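Trainee: In the working numbering, the protein residues as written are 2 to 228. Take this structure first; my questions come after.
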Amino acid sequence: MDLRDFRALVDRMVAAVPPKYLDGVFAIEVSPKTVRHPVYPSVFTLGECIPVEAAEDPPPSRVVLYHGSFQELARERRDFEWRAEAWETLTHELRHHLEWRARSGDLEAYDWAAEQNFRRQEGQSYDPLFYLSGERVAEGIYCVDDDLFFDREVKRSAPEPVEIAWHGRTFRAEPPPGPLPLYLALDGLDPAPVGEAIVVLRRKAGVLDLFRRVHPPTAIRARVRRG
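Pasting the structure below:
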């Protein structure tokens, strides 16, 4: 199914949704993008429910369905049913919207994390653990906007090398010696991430940390190699 027909299909489905389930939905869009899961290479993201920055409480949401992801699944599965999958994805993301509106505190935490991530990108001071308030996409992996953070607790210093699993393959990078926490931004991942992929190396918290001076995060870039 081409992009124009898919958009028309989604529009017809939205018209069939009872209005009460669309309360607070800012927009329902179809994007041509193909979006893979940030960790699992065989999984495609068919849709997302994205909070919209606004003064409203709870804030509105934007629902996006990814036509390119649907196309990839249709190529892999002979029994792929566009209408059934589109309806399932649309209703799934609308359920997310309703759940988020019922838990506005979670959205506030995410908004704070997004603000801290912006400060990091702008070279301003930021909370080194802000990403833990982002979306947890897998064990120890968090997403804030389009940036992925691989959370790693270490005892004293950074391990050599740092390893991550990325789309079914292992990649390694060499962190430099120095104080923690360390934000190690990875270059050379294949496929490339939408935003940044960052391994955060931090000391495991203990009682003595209450009396230690907290170092601001060190941020460097490192090129990965295949494991």
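Beta carbons: idealized from backbone N, C-alpha and C, even for Gly. Keep in mind the model is a prediction, meaning the values are calculated, not measured.
#1: With burial defined as no fewer than 16 other Cβ atoms inside 10 Å of the residue's Cβ, what is the status of Y22: buried or exposed?
#2: What is the C-beta distance between H68 and S126, in whole angstroms, given that I count them as a contact (C-beta under 8 angstroms)?
#3: Does DSSP classify G228 as helix, strand or coil?
#4: Is it buried or exposed, F150, if we count other Cβ atoms within 10 angstroms and call 16 or more buried?
#5: So what does L149 bridge to, in DSSP terms?
#6: For my contact list, L185 and P176 are in at a C-beta cut-off of 8 angstroms; report their separation, rounded to the angstrom.
#7: Please name the residue in S62, G228 and F7 whose C-alpha comes closest to that of V163.
#8: Under the three-state reduction of DSSP, which class applies to S70: helix, strand or coil?
#9: Would you identify the three-state DSSP class for L211, choosing helix, strand or coil?
#10: Could you tell me which residues DSSP pairs with T219 in its beta bridges?
#11: When you compare each of H97, E100, S70 and I51 to M2 by their alpha carbons, which one comes out closest?
#12: Nearest CA to the CA of A28: which residue from N118, L133, A115 and V64?
#13: Would you report the Cα separation of R204 and A198, rounded to the nearest angstrom?
#14: Taking Cβ positions, are A133 and Y143 nearer each other than 8 angstroms?
#15: Would you decide whether Q117 is buried or exposed? Buried here means 16 or more other CB atoms lie within 10 Å of its CB.
#16: What do you get for V208, buried or exposed, if any count of 16 or more other CB atoms within 10 angstroms of its CB means buried?
#17: Using DSSP with H/G/I as helix, E/B as strand and the rest coil, what is A139?
#18: To the nearest angstrom, how far is it from the Cα of P25 to the Cα of V155?
#19: Let's test the definition: count the other Cβ atoms within 10 Å of the Cβ of V53 and tell me whether it reaches 16, buried, or not, exposed.
#20: Going by alpha carbons, who is nearest to L99 out of R222, P39, S62 and P192?
#21: Is V26 helix, strand or coil when you go by DSSP?
#22: Once the 5 residues before and after E30 are set aside, which same chain residues still bring their CB inside 8 angstroms of it?
Mentor: Based on what the coordinates show:
#1: Result: exposed.
#2: About 40 angstroms; that fails the 8 angstroms criterion.
#3: Three-state DSSP puts G228 in coil, outside helix and strand.
#4: Buried.
#5: C144 and A198.
#6: For a cut-off of 8 angstroms, the C-beta gap from L185 to P176 is around 5 angstroms, short enough to register as a contact.
#7: Nearest option by C-alpha distance: G228.
#8: Note: S70 maps to helix in three-state DSSP.
#9: In this predicted model, L211 has a pLDDT of only 43, less than 50, meaning its place in the structure is not dependable; the value taken from the coordinates is given anyway. For L211, the secondary structure class from DSSP, reduced to helix, strand or coil, is helix.
#10: Under DSSP, T219 takes part in a beta bridge, and its partners are L183.
#11: Selected option, being the one with the closest Cα: S70.
#12: That would be V64, whose Cα lies nearest to the Cα of A28.
#13: Cα to Cα, R204 sits roughly 20 angstroms from A198.
#14: Inspection of the sequence shows that residue 133 is occupied by Leu rather than by Ala. Contact check for L133 against Y143 passes: the beta carbons are separated by less than 8 angstroms.
#15: Answer is buried; the Cβ neighbour count reaches 16.
#16: With a pLDDT of 45 at V208, under the threshold of 50, the modelled position of this residue cannot be trusted; read the value that follows with caution. Flag for V208 reads exposed.
#17: Reduced to three states, the DSSP call for A139 is strand.
#18: Note on residue identity: the sequence assigns Gly, not Pro, to residue 25. Put simply, the backbone Cα of G25 is about 43 angstroms away from that of V155.
#19: That one is exposed.
#20: Checked all of R222, P39, S62 and P192; the closest Cα to L99 is S62.
#21: It is a strand residue.
#22: Listed in chain order, the non-local C-beta contacts of E30 below 8 angstroms within the same chain comprise R63, V64, V65 and L66, local neighbours out to five positions each way being set aside.
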